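S.K.: One structure coming up, written as structure tokens, with questions to follow.
Residue numbers (this note's numbering): 2 to 443.
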């Protein structure tokens, strides 16, 4: 027999201090999760030769990018399974499980022998590690986006939920900083030989600490309230794939389409950009890493500002602004970057692209969370996002490098622009979620 918490205890909404503490705890864990995920990309230039025998750099990067994309194949599975888990057992439980899987994947990469030592076993173990990390990050996005959105108060929901991408970017930035430090402390030969394993060891150890931190997190009032109401209602709806498709098909499709353009733009200007600056612009690996680090830091600082702006003017104007500028500016930015050899010019162009993408990244989590009721929110946020991310974000590097290898690199610029245009149509047609939010508060 279920016990319903009394109105005077578990169902009291958190005060400002409790909200802040919970958001900091949730954000810290999110940072470490995304650091582990992005360390793969940041160190690809160094570890690719250890896992793939090809002599051509583009071929090695293409193989590594293919496995990066394979990791994304598990993200919808992770979003489905752990989205349901977070809706039924709690946001806290989902976040704790996701970081445990991420830890295992990072440590596996750290200890996997090279292709020269174990042959085909090396890339197979790398695939296994990325599948584990993909399962983890698939559940992480939905649970963390839902947790931060539910913990934030109505008037500052855009601001607080923007920290989901602050920590996502910070995770990538920490990975780049670790790379810069190792480039400064180790020789090129040491990094190529064994130094690339260090960031994965760091990630695994940090994930263990985050596991302990997340076990002490508070559950959200929104989830506790929904669980109490379900306990009082016979036949109350439960989170599940059929429930999502049958009851919320429009919202599910909306999340997929609004994500498509935003995720490919984000991966193009952040994850793939390091390789682009080396492989196309002709800059050194160190210079490309420095540009990537500086621009990502500034990009990170923009997220709360844009999130706070959305609390005042709404979410829709920011998304439409991203869509319009993304369609108009993506091709000229990439085309100019391909020709420049000046690091300052390159940095300014990358920053311009990231400023445009901020209109999506800063508020995408809260927009998705505001579309769904509490009993299915984590799944509704996670699964369609993961599907779009797998199709477009996870394949961005592979598509870009394939076009380059075929001698038609400009086709990638067009591809990104078209996908942003498709999302722009959705932004224009959808309601203002700030004013029609399904995150209900007393």
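In this text, a Cβ means the ideal position worked out from N, Cα and C, and glycines have one as well. Note that the coordinates shown come from a computational prediction; the quantities given were computed from them, not determined experimentally.
1) Kindly provide the ranges of any alpha helix (DSSP H) runs that are 4 or more residues long and lie completely inside the stretch 294 to 382, ordered along the chain.
2) Please report how far the alpha carbon of residue 349 lies from the alpha carbon of residue 330, in whole angstroms.
3) For residue 35 versus residue 134, is the C-beta distance shorter than 8 Å?
4) What does the alpha-carbon distance come out to for the pair residue 150 and residue 162?
5) Curious, which full-length alpha helix (DSSP H) runs of at least 4 residues does the stretch 196 to 229 contain?
6) Can you look up residue 88 in the DSSP assignment and give me helix, strand or coil?
7) Only counting the same chain, and skipping five residues up and downstream in sequence, which positions put a Cβ closer than 8 Å to that of residue 89?
8) Could you give the DSSP three-state label for residue 285: helix, strand or coil?
9) Excluding the 5 residues preceding and the 5 following residue 143 in the sequence, name in chain order all residues of the same chain whose CB lies nearer than 6 Å to its CB.
10) If distances are taken between C-alpha atoms only, which option among 324, 388, 335 and 371 comes closest to residue 357?
11) Where does the unbroken alpha helix (DSSP H) through residue 48 begin, and where does it stop?
12) Using a Cβ-Cβ cutoff of less than 8 Å, which residues in the same chain neighbour residue 410 once the five nearest sequence positions on both sides are dropped?
13) Where residue 20 and residue 33 are concerned, what is the direct C-alpha to C-alpha distance, given to the nearest angstrom?
14) Hey, residue 298 and residue 174 are a contact pair by Cβ (cut 8 Å); roughly how many whole angstroms apart?
15) In three-state terms, what does DSSP make of residue 40?
16) Tell me which residue opens and which closes the alpha helix (DSSP H) that residue 1 is part of.
17) Rank 168, 111 and 148 by C-alpha distance to the C-alpha of residue 301 and give the top, closest one.
18) Just how far apart, CA to CA, sit residue 419 and residue 355?
19) Please report the distance separating the alpha-carbon of residue 113 from that of residue 45.
20) On a CA-only basis, which of 98, 128 and 368 is nearest residue 74? Give me that one, please.
21) Would you kindly check if the distance between the Cβ of residue 290 and the Cβ of residue 275 is under 8 Å?
22) Give me the Cα-Cα distance between residue 49 and residue 97, rounded to the nearest whole angstrom.
23) Looking only at C-alpha atoms, which of 353, 41 and 367 sits nearest to residue 312?
24) Thinking C-alpha only, which one of 374, 194 and 253 is nearest residue 223?
25) Quick check on residue 425: buried or exposed, where buried means 16 or more other Cβ atoms within 10 Å of its Cβ?
26) In the DSSP assignment, find the alpha helix (DSSP H) that holds residue 131 and state where it starts and stops.
27) I need the straight-line Cα distance from residue 148 to residue 359, nearest angstrom please.
28) To the nearest angstrom, how far is it from the Cα of residue 390 to the Cα of residue 93?
29) Is DSSP giving residue 184 helix, strand or coil here?
30) Can the beta-carbon of residue 320 be found closer than 8 Å to that of residue 26?
31) Along the chain, where does the alpha helix (DSSP H) containing residue 440 start, and where does it finish?
32) Between the alpha carbons of residue 429 and residue 124, how many angstroms are there, rounded?
33) My guess is that residue 267 and residue 362 are in contact by the Cβ rule of under 8 Å, so how many angstroms apart are they, rounded?
34) Could you tell me the distance, in whole angstroms, from the CA atom of residue 116 to the CA atom of residue 77?
35) Name the two residues that bound the continuous alpha helix (DSSP H) containing residue 276.
36) Counting C-beta neighbours from all protein chains within 10 Å, is the total for residue 233 16 or more, i.e. buried, or is it exposed?
M.R.: If we stick to the structure as given:
1) Runs of the alpha helix (DSSP H) inside the stretch 294 to 382: 317 to 340, 344 to 362 and 365 to 370.
2) Roughly 14 Å between the two C-alpha positions.
3) No.
4) Cα atoms of residue 150 and residue 162: separation of roughly 5 Å, rounded to the nearest angstrom.
5) The alpha helix (DSSP H) runs lying completely inside the stretch 196 to 229 and spanning 4 residues or more are 199 to 216, given in chain order.
6) Reduced to three states, the DSSP call for residue 88 is helix.
7) Within the same chain, residue 89 has close Cβ partners 239 and 240.
8) Residue state, collapsed to three classes: coil.
9) Result list for residue 143: 80, 84, 379, 382 and 383, in chain order.
10) When each option's Cα is compared against that of residue 357, the closest is 324.
11) For residue 48, the enclosing alpha helix (DSSP H) begins and ends at 45 to 52.
12) Correct list, in chain order: 281, 339, 401 and 404.
13) Take the alpha-carbon of residue 20 and the one of residue 33: they are about 20 Å apart.
14) Right, the Cβ-Cβ distance comes to about 6 Å (below 8 Å), so this counts as a contact.
15) Shown here, residue 40 sits in a helix according to DSSP, grouped into three states.
16) Lying outside 2 to 443, the shown extent of the chain, residue 1 is not represented and no answer is given.
17) Measuring C-alpha to C-alpha distances from residue 301 to each of 168, 111 and 148 identifies 168 as the nearest.
18) Looking at the two C-alpha atoms, the distance is approximately 18 Å.
19) Their Cα atoms are separated by approximately 15 Å.
20) Nearest of 98, 128 and 368 to residue 74, Cα basis: 128.
21) When the beta-carbon positions are compared, residue 275 and residue 290 come within less than 8 Å of each other.
22) Rounded to whole angstroms, residue 49 to residue 97 spans 31 Å at the Cα level.
23) Here the closest residue by C-alpha is 367.
24) Checking every option, the nearest Cα to that of residue 223 belongs to 374.
25) When all chains shown are included, residue 425 counts as buried.
26) Its alpha helix (DSSP H) spans residues 122 to 152.
27) Roughly 21 Å between the two C-alpha positions.
28) C-alpha separation (whole angstroms): 23 Å.
29) Looking at residue 184 - three-state DSSP - the assignment turns out to be helix.
30) The beta carbons of residue 320 and residue 26 sit no closer together than 8 Å.
31) No residue range can be given for residue 440, since it is assigned to no alpha helix (DSSP H) and is classified by DSSP as neither H nor E.
32) Each residue's alpha carbon lies about 44 Å from the other.
33) A Cβ-Cβ distance of about 6 Å is found for the pair residue 267 and residue 362, placing them in contact under the 8 Å criterion.
34) Rounded to the nearest angstrom, the gap between the Cα atoms of residue 116 and residue 77 is 29 Å.
35) Residues 274 to 280.
36) Exposed, since its Cβ has fewer than 16 Cβ neighbours within 10 Å.
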